[in-house]
Structures are given as C-alpha cells and as structure tokens.
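*Asks:* Got a structure for you, questions after.
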Amino acid sequence: MNVLRIQNAEKHFGDLQVLRDISLTVDHGEVVSIIGPSGSGKSTLLRCATFLETLDGGEIDYMGEAAVRTEDGKVVYAKDLNAFRRQFGLVFQNFNLFPHYTVLKNLMDAPVTVLKRPKAEVRGECMELLRKMGLEDKADAYPCQLSGGQQQRVSIVRALAMKPQILFFDEPTSALDPELTGEVLKVIKQLAEEKMTMVIVTHEMAFARAVSDRVIFMDGGVIVEQGKPEDVFGDTQQERTRQFLRNYQQ
Amino acid sequence: MKKLIALLLALTLVFALAACGETATTETTETTETTETAEARTFVMGIDAEYPPFSYIDDNGEYTGFDVEVCKAACEKLGWDFQVFGVNWDEKLIQLDAGECDCVWSGMTILDSMKESGYVISEPYYDNTQVILVKEDSDIASSADLAGKAVAVQLGTSGEALLQGDLADLAATFGETVTCDSFLKCFTELGGGAVDAVFVDMPVAVAYAAQNEGFKIIDEQLGAEQYGIAFRADDAETCAAIEGAVAELVADGTYAAIAEKYPDIVNNLLFLQ
Amino acid sequence: MDLLTMIAKMSEGLGRTCAIFFLTLLFSLPLGMIVALLRMSKSKVVSGVVRFIISVLRGTPLMLQLLAVTYGPYYLFGISISRNKLIPVVIAFAINYAAYFAEIYRGGIESIPVGQYEAAQVLGFTKAQTFLRIVLPQVVKRILPSVTNEIITLVKDTSIAFTVSYQEMFTIGKQIANSQTSFLPFVVAGVFYFAFNAIVDFVMGKAEKAMDYYK
Chain A
3 MNVLRIQNAE
13 KHFGDLQVLR
23 DISLTVDHGE
33 VVSIIGPSGS
43 GKSTLLRCAT
53 FLETLDGGEI
63 DYMGEAAVRT
73 EDGKVVYAKD
83 LNAFRRQFGL
93 VFQNFNLFPH
103 YTVLKNLMDA
113 PVTVLKRPKA
123 EVRGECMELL
133 RKMGLEDKAD
143 AYPCQLSGGQ
153 QQRVSIVRAL
163 AMKPQILFFD
173 EPTSALDPEL
183 TGEVLKVIKQ
193 LAEEKMTMVI
203 VTHEMAFARA
213 VSDRVIFMDG
223 GVIVEQGKPE
233 DVFGDTQQER
243 TRQFLRNYQQ
Chain B
3 MKKLIALLLA
13 LTLVFALAAC
23 GETATTETTE
33 TTETTETAEA
43 RTFVMGIDAE
53 YPPFSYIDDN
63 GEYTGFDVEV
73 CKAACEKLGW
83 DFQVFGVNWD
93 EKLIQLDAGE
103 CDCVWSGMTI
113 LDSMKESGYV
123 ISEPYYDNTQ
133 VILVKEDSDI
143 ASSADLAGKA
153 VAVQLGTSGE
163 ALLQGDLADL
173 AATFGETVTC
183 DSFLKCFTEL
193 GGGAVDAVFV
203 DMPVAVAYAA
213 QNEGFKIIDE
223 QLGAEQYGIA
233 FRADDAETCA
243 AIEGAVAELV
253 ADGTYAAIAE
263 KYPDIVNNLL
273 FLQ
Chain C
446 MDLLTMIAKM
456 SEGLGRTCAI
466 FFLTLLFSLP
476 LGMIVALLRM
486 SKSKVVSGVV
496 RFIISVLRGT
506 PLMLQLLAVT
516 YGPYYLFGIS
526 ISRNKLIPVV
536 IAFAINYAAY
546 FAEIYRGGIE
556 SIPVGQYEAA
566 QVLGFTKAQT
576 FLRIVLPQVV
586 KRILPSVTNE
596 IITLVKDTSI
606 AFTVSYQEMF
616 TIGKQIANSQ
626 TSFLPFVVAG
636 VFYFAFNAIV
646 DFVMGKAEKA
656 MDYYK
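Chains as they are written, first to last, in the working numbering: chain A, 3 to 252; chain B, 3 to 275; chain C, 446 to 660.
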C-alpha cells in the first residue's frame, strides 16, 4: 500500500506557479530524496504534503485515506486534519525545537498532550530513542545547550516519538556547520536501514545517492526526472538534470 | 613765577571742579535709569484660576474676577506691568517662594501659620465665612446633621484648614471627609451623590447655588475667615506699595466700581464698610 | 506634627495605594491579553477598532481618563457617582494599563518565530494548545523587562488617584503638606514610592532570573 499519494498537485504564490501537476507516490519502507535548485518547488511540495501550505489543486492521500480532494475546481481538506498529521512527522531545516522545554519535554509533550498517551510509557520510549541516538545524557538539557547537530537529532527523535508512518525532512543539514552534518546524516541512514518510510529534501548529493531507493529531480515546479539513484546520477536522461548535477560536482 | 604757580593751581582747580561736575551729572543719569527700571517692573499676580468670583477664566479665556481687576488697577496706578500666574493652590506658597509669582491674591484666607512662617500678609480686605452646601432635597439642616455623612472640602482652602483645626471636633463626627482638588469637583461629587454636603466659602457657595439648580445653603455660618494678600518674607516694600495703590483706588471710587460687578461678595468687602 | 506622626498618617493611605496597584495589575494583565488578541484579529474591522481604542488610551493622560470614568457617567447620564472611589480608579487604571500591556504582548507574540507555530501544528497541537503551551511561555520571558517598566510606572501613577479625591498615600501627603506648610510629606512620599519600587525591582528581578534557564 502507498503510504503517501499526491496527485496533480498545483500551488501558486500570487502569479508565480511553484507546483505544476505534481504526482508522486511513496511506498511503505521507501526512501525518496528530492533534489533540485532553490526555487524549484521541492520545499513547497513538502510543506503542502504536511499541510503547512494549502494546495490550489490536486489530491493527497495518507495510507489510502483522502486528506485533500479537489471537487469542481475547489480544494477540500478533510475535517479532522490532525488524524492525518499523526501519520507523518516533519524535520525542519531550523530544528524548531521548543526552547523553553528540556529535551525530554520536547519529545514527550506531543505524545502526552496530543495523543493522550500515558506519561510513564512515553518517557520510557523517548529515553530509549535518546539512547539510540547517544543523547541520553542530554535528556534534561535545554536546546540552547546543545550543538546544532545535537538539536537536529533531538528534533528527529521528536518526530519519531509520534510513531509516524512517514517522515519528511526539509533540508535537515542546511543550517548546520559542515562538520556537524555527518552525525545527522548517520541517523537518517540508520533509519533507512530500519525501513522507515522517508521523503528527504536535500542538497547532499552523495548522501542522497547512498541512502535513497528513488531520487526525484525537480525544477520549475515540475518533476523533471526520477528513478533509482544509480540511474539519475549515473545515467542522467535530462539535460537540465545534468546541468544541475554538474554545478554540484564543481 | 608765583603768578605762574597760581595760574597752574587755578587751572588744576577748574579741571578738578569740572571733573567733579561731570561725575555728579553721570550719577544723576544713572539714578534716573534705575528709577525707570523700577517703574517698568513686571508684577506677577498668583491666582487660583478656578475660584470665582475672585479669580477665574472668563468666557473669552481671559483671567478675570474681583481680585484680578483690583490688582490690575493697582498696577496701573503704580505703573507696573501686570501679569497673571495660575498657581497650584495647595502649593501656592512654595510657588511664591520660588519667585513664580510676586504675591498670592485670590480669595486667600489669612492663616496664622502663614504669618508664623514669615510671609508678609496685607491688611485683610474681605471677611469670609464657611457654609454648608447641600442638595435641595437634603434633610441636613445644620452642622449637627452632618454626623456620619460624607462631606467634601477643597484641598488647601480655609474650609479644609478649619476642619483640621478649629472645627476638628465637628469634622470628627463626619462619616468621611472627601478632599477634592477643585471646587468644581466638590460640587460634582455633591451633584452626583458621592457626598452629602460641601463645606465651602460662602461667596463660592452663593455663586454656585445661584447658577445651578437643586442646591441650597444651610443657614449656619461657621468659622469667620478673612482674606488677604501674601507676599514673600523679604518683600514688605511691595506689600506697602500695593496697599497704598489699593487705598487710592478705594479713595477715587474705582474699587467700589469694580466691586459693583460682583454682587455676591460686595457685602463682605471690608474697605467698603 | 513630628515626622513619625506624619509617616503614620501617610501609611494609612498606603493600604489604598497598594489596593490600586494590585487590583490594577490583577485586571489589566489578563485584559491586556484579550485586547492584544483582538488587536491581532484577522478581521480588519475588529483590529482597526481596537487599534483606535489603544491609541486613544495611550494618547491621552491617565488623569483625564480617570476623570471621564469617575464623573463622565454622571454628567452624561445622571448616574450617581460612586462613593467608593476605588471602583472608578481601578476601572480607569485597569483599562489604561491594559492598553499598554496589550501592545507589549503583541510585540512579544509577534517576535516568536513562525517555525514554532509550524512545529506545533505538525505535531498536532490545537491552536489553543500551541498558544498556551508553546507561544505564551516564551512571550512571558521576552516581555518581562517591558512589563517591569510598566509596573514601576504604575506604582508612581497611583498618586493620580488624588484627582478624584481617593484618599491614597499621596493625597494624604498633600493634605499634610498643605496644613503644615511643609515640604516634608513630599519627601516621605518620595521615599515610600522608592521603597515600593525597590521591592518591585527585586521581585521582577527574581522572576527574570527564574526564566534565565533558556535562551
């Protein structure tokens, strides 16, 4: 079954069309990387999929359930969007941790408040996740006391604590110093090995090639090319993709 | 040779005399100038601009009132420039000391404490009496009925001083003494039912009851008071000059003419009795 | 009158000064939040009206507002003036201070990065949960210094209650100053206000320190 299905997605910012008829399905356990120049619409696609932006047209399904439909040219969102939000997690470029909460409270707050799960149980799970990330000694620290890499790993754990079906990453290493990107990419790689379904918007080409089952190249609001990483990177079909990849190799 | 010496001496003497003469002339000129400066002096009258009919702002926004008109006329007699300064009534003496005005002349009750503090106080010109103003339908008929009632009085007035001093026993029977910073507020509090009576100078009460319906004055006079003009401790000279000028105004009938315009107070003016 | 008697008499009014102070804070702090939220309303009419009211409240002297609240209803509609002046005083003060607090709150709320809202939304928090759990605690920390400023001003502003003859500490001080022809009560009043604000400073300093655990 598809975890995520996006059909004919359209998005405008004023006169500017940022998404043109985008269709995309993500299967269970699949890791999809989206690459492309800035302004290509890849981040907007992610923000539309996570309901941070509203679509102007098209459909979105999670786990076969209709979250967004277009009826008679009007976009209709499902009534209980929070039920769909439980299906996915989003890791931001700027972490967006809650600065007034400790690390553990950052992790526990949504499962306890939103999912109304028992505190003790959630605490156990969160501590386990922190241990896995080697961050168990930071449970009582505040985000401002952590390095950027540590903060991003905590924000990944925060998303995982909600037990999502799919995890979105919006340029997870772009705000980090180069020497800190490794620790974050390692965590994502580890999740890929555990067959976590993920959609990753990234500029890390080598990482995308190594970790993805499928790579999507977007430009000008359309999917220009997609396929297995070895095909997209090794046997590039489209001239625009080639040009983009050339710029990256320089 | 002797003649020559005599001539020289004579010449010296002439020069010396001439020099003396010159010096004398110069001195005279200087004296004249000084006098002129004194004549062109500006006299600043300190008033409470909210105290009709003694001092208030008329419909045209000009300062007027009995005291203001008398002071203006007195200054004309003395050849002084006349200016009005609106004091903050409960800080009037501090402002006088600070030189913001040269006198406080605004239906001001002469208090012993002023004299004790050294202020030069003029001869009293007005005999004031405190009365109780109530609403027309009030059942208060005398000061004895004020027991347990709320009574308003203006801060810094003779009424307030009386209630703290000579009439403290009466004030102790009040349910509450409400101190307002202007008469308008005292009367508003009375009209709005926040107090039961206003303890106030008689002419002010008479004027207010005449202009506004629904109020009456209790026929009982409390604590006779007299009005005078306050000057700084070192300024007896100005006080004498003003008193002299006012005496002239009384003598030539100007004073009475001004007083006629203020019928509410004319009976209490001491110089016309 | 000796200094001790003077201090004792003025202290009688201190309770009323404190009543104005605490009641004003009690009502204006929450009222300011309501005003701030209305000010940020998506409806242009609501935010425009609230914006105008705030500008009137901030653009006219508190003393005039106090006179309007106390005597306005009587002059306009013949409604009796309250015998307990604490009521109009606290109403006028609370409304005036709510306007100032509203603008402080608004500044604080608008300074919270949009990413905080987005993170909360993706995690499934409702709007109310987002505001109360995520935004408000951060706003409180950011606005605390400005709020302290306003509270210090409020301590001094309590003396304005004298305008409507409320017998608070400064009114009594003025009466004593007048009857004794002495400047001393003003000195005493100054010392009272300074001591009051020293306490405010201390308490708010502690509060700011208590929020220092994060940046």
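Cβ atoms here follow ideal geometry from the backbone N, Cα and C, with glycine treated the same way. Owing to the predicted nature of the structure, the values given are computational and were not obtained by experimental measurement.
1. What does DSSP give as the partner residue(s) for ASN130(B) in the beta ladder?
2. Are the Cβ atoms of ILE219(B) and ALA207(B) separated by less than 8 Å?
3. So, does the CB of PHE628(C) fall closer than 8 Å to a CB anywhere in chain B?
4. In terms of residue numbering, what span does the alpha helix (DSSP H) encompassing ASN4(A) cover?
5. Is GLN240(A) buried or exposed, if buried means 16 or more other CB atoms sit within 10 Å of its CB?
6. Between which two residues does the alpha helix (DSSP H) holding SER35(A) run?
7. Which residues bound the beta strand (DSSP E) around GLU67(A)?
8. For ALA146(B) and PHE176(B), what's the separation of their Cα atoms in angstroms?
9. Check for me: the beta strand (DSSP E) holding GLN84(B) runs from which residue to which?
10. Distance check for ASP58(A) and GLY16(A), CA to CA, integer angstroms please.
11. Starting from the Cα of ILE498(C), find the closest Cα among SER610(C), ASN541(C), VAL534(C), ALA606(C) and give me that residue.
12. What separation, rounded to the nearest whole angstrom, lies between the Cα atoms of GLU38(B) and ILE244(B)?
13. In this structure, does DSSP put GLU178(B) in helix, strand or coil?
14. Starting from the C-beta of PHE472(C), find all residues in its chain whose C-beta is less than 6 Å away, skip the five residues before and the five after it, and write them out in chain order.
15. Is DSSP giving ASP657(C) helix, strand or coil here?
16. Could you name the residues of the region 43-55 of chain A whose beta carbon sits closer than 7 Å to any beta carbon of chain C, in the order they occur along the chain?
17. If you check the beta carbons only, do VAL136(B) and CYS188(B) fall under 8 Å apart?
18. Just to make sure I have the definition right: I need the residues of chain A whose C-beta is within less than 9 Å of the C-beta of GLU563(C). Which are they?
19. Counting C-beta neighbours from all protein chains within 10 Å, is the total for CYS146(A) 16 or more, i.e. buried, or is it exposed?
20. What residues from the region 107-139 of chain A come within 8 Å of chain C, judged by C-beta to C-beta, listed N to C?
21. Does the CB of VAL89(B) have a neighbour CB from chain C at under 8 Å?
22. GLN583(C) versus chain B: which residues are under 9 Å apart at the beta carbon?
23. Can you check whether the CB of LEU169(A) is closer than 8 Å to the CB of VAL156(A)?
24. Closer than 8 Å, Cβ to Cβ, to anything on chain B: give me those residues from the region 590-616 of chain C, in chain order.
25. I want to verify the contact list: residues of chain A whose CB lies under 8 Å from the CB of PHE538(C), in sequence order.
26. Measuring alpha carbon to alpha carbon, tell me which residue in PHE522(C), THR608(C), ALA652(C) is nearest ILE510(C).
27. Any idea if ILE644(C) is buried or exposed, counting beta-carbon neighbours within 10 angstroms, 16 or more meaning buried?
28. What separation, rounded to the nearest whole angstrom, lies between the Cα atoms of THR34(B) and ASP203(B)?
29. Determine, using beta carbons only, whether VAL638(C) comes closer than 8 Å to chain B.
30. What did DSSP end up calling LEU193(A) once you bin it into helix, strand or coil?
31. Exposed or buried, ASP104(B), counting other C-beta atoms within 10 Å across all chains shown (16 or more means buried)?
32. Which parts of the region 197-246 of chain B are runs of the beta strand (DSSP E), unbroken and 3 residues or longer, counting only runs that do not cross its ends?
33. In whole angstroms, what separates the C-alpha of GLY31(A) from that of ILE218(A)?
34. Skipping 5 residues on each side, what residues in its chain have a beta carbon closer than 6 Å to that of GLU24(B)?
35. May I ask you to report which of helix, strand or coil DSSP gives VAL116(A)?
36. List the DSSP bridge partners of ASP60(B).
*Replies:* Straight from the coordinates:
1. The residue labelled residue 130(B) in the question sits at position 128 within the second sequence. According to DSSP, which records beta bridges pairwise, ASN130(B) is partnered with GLU227(B).
2. Translated into positions along the second sequence, residue 219(B) becomes position 217. Translated into positions along the second sequence, residue 207(B) becomes position 205. Yes. Within cutoff.
3. Counted from its first residue, the third sequence places residue 628(C) at position 183. Closer than 8 Å: yes.
4. Within the first sequence, residue 4(A) is the residue found at index 2, counting from 1. Premise fails: ASN4(A) lies in the beta strand (DSSP E), 4-15, not in any alpha helix (DSSP H).
5. Position 238 of the first sequence holds residue 240(A). The residue is exposed, with fewer than 16 neighbouring Cβ atoms inside 10 Å.
6. Counting from 1 along the first sequence, the entry for residue 35(A) is found at position 33. From DSSP, SER35(A) is part of no alpha helix (DSSP H) but of the beta strand (DSSP E) over 33-37.
7. In the first sequence, residue 67(A) corresponds to position 65, counting from 1. Run containing GLU67(A): 67-73, per the beta strand (DSSP E) assignment.
8. Taking the second sequence and counting its residues from 1, one reaches residue 146(B) at position 144. Taking the second sequence and counting its residues from 1, one reaches residue 176(B) at position 174. Each residue's alpha carbon lies about 10 Å from the other.
9. Stepping through the second sequence from its first residue, residue 84(B) is reached at position 82. A quick correction: the sequence has Phe, not Gln, at residue 84(B). PHE84(B) -> beta strand (DSSP E) spans 83-88.
10. As a first step, residue 16(A) is located in the first sequence; it is residue number 14 there, counting from the start. As a first step, residue 58(A) is located in the first sequence; it is residue number 56 there, counting from the start. Between GLY16(A) and ASP58(A), the C-alpha separation is close to 11 Å.
11. Stepping through the third sequence from its first residue, residue 498(C) is reached at position 53. Residue ASN541(C) is the option with its Cα nearest to ILE498(C).
12. Indexing the second sequence from 1 puts residue 38(B) at position 36. Indexing the second sequence from 1 puts residue 244(B) at position 242. Its pLDDT being 44, under 50, GLU38(B) is placed unreliably in this model, and the value from its coordinates should be taken loosely. In a straight line, the C-alpha of GLU38(B) is about 18 Å away from that of ILE244(B).
13. Against the second sequence, residue 178(B) aligns to sequence position 176. GLU178(B) falls in the strand class under three-state DSSP.
14. Numbered from 1 along the third sequence, position 27 holds the residue referred to as residue 472(C). ALA539, listed in sequence order.
15. For the purposes of this step, residue 657(C) is identified with residue 212 of the third sequence, where counting begins at 1. Coil.
16. THR52, LEU54
17. Stepping through the second sequence from its first residue, residue 136(B) is reached at position 134. Stepping through the second sequence from its first residue, residue 188(B) is reached at position 186. Taking 8 Å as the Cβ cut-off, VAL136(B) and CYS188(B) do not qualify as a contacting pair.
18. What you label residue 563(C) is simply residue 118 of the third sequence in a count that begins at 1. Near GLU563(C) (Cβ distances below 9 Å), the residues of chain A are ARG49, THR52, LEU54, LEU92, PHE94, ASN98.
19. In the first sequence, residue 146(A) corresponds to position 144, counting from 1. Exposed is the call here.
20. ASP111, ALA112, THR115, VAL116, LEU117
21. Residue mapping note: residue 89(B) aligns to position 87 of the second sequence, counting from 1. For VAL89(B), the answer is no, since every Cβ of chain C falls outside 8 Å of its Cβ.
22. Here residue 583(C) refers to the residue found at position 138 of the third sequence. The contacting residues do not exist; GLN583(C) stays about 45 Å from chain B at best.
23. Here residue 156(A) refers to the residue found at position 154 when the first sequence is read from its first residue. Here residue 169(A) refers to the residue found at position 167 when the first sequence is read from its first residue. No. Outside cutoff.
24. PHE607, THR608, VAL609, SER610, GLN612, THR616
25. Translated into the one-based positions of the third sequence, residue 538(C) becomes position 93. What PHE538(C) touches in chain A: nothing, since even the nearest Cβ is about 31 Å away.
26. Here residue 510(C) corresponds to residue number 65 of the third sequence, with the count starting at 1. The sequence given here has Gln at residue 510(C), not Ile. For the residues PHE522(C), THR608(C), ALA652(C), the minimum Cα distance to GLN510(C) belongs to THR608(C).
27. Here residue 644(C) refers to the residue found at position 199 when the third sequence is read from its first residue. With fewer than 16 Cβ atoms within 10 Å of its Cβ, ILE644(C) is classed as exposed.
28. The residue given as residue 34(B) occupies position 32 in the second sequence. The residue given as residue 203(B) occupies position 201 in the second sequence. Because THR34(B) sits at a pLDDT of 40, beneath the cut-off of 50, its placement in the model cannot be relied upon, and the point is left open.
29. Position 193 of the third sequence holds residue 638(C). Looking at the sequence itself, residue 638(C) is Tyr, so the reference to Val does not match. Chain B, which has no Cβ nearer than 8 Å to the Cβ of TYR638(C), makes this no.
30. What you label residue 193(A) is simply residue 191 of the first sequence in a count that begins at 1. Helix.
31. The residue given as residue 104(B) occupies position 102 in the second sequence. So ASP104(B) counts as buried.
32. 199-203, 217-219, 224-233
33. By one-based count along the first sequence, residue 31(A) stands at place 29. By one-based count along the first sequence, residue 218(A) stands at place 216. So the two alpha carbons sit approximately 17 Å from each other.
34. As a first step, residue 24(B) is located in the second sequence; it is residue number 22 there, counting from the start. The predicted position of GLU24(B) is uncertain, since its pLDDT is 43 and thus under 50; a value taken from the coordinates is nonetheless stated next. Excluding positions up to five away in sequence, the list is empty.
35. As a position in the first sequence, residue 116(A) is number 114, starting the count at 1. In this structure, VAL116(A) counts as coil in the three-state DSSP scheme.
36. Within the second sequence, residue 60(B) is the residue found at index 58, counting from 1. Paired residue(s): none; ASP60(B) is not in a bridge.
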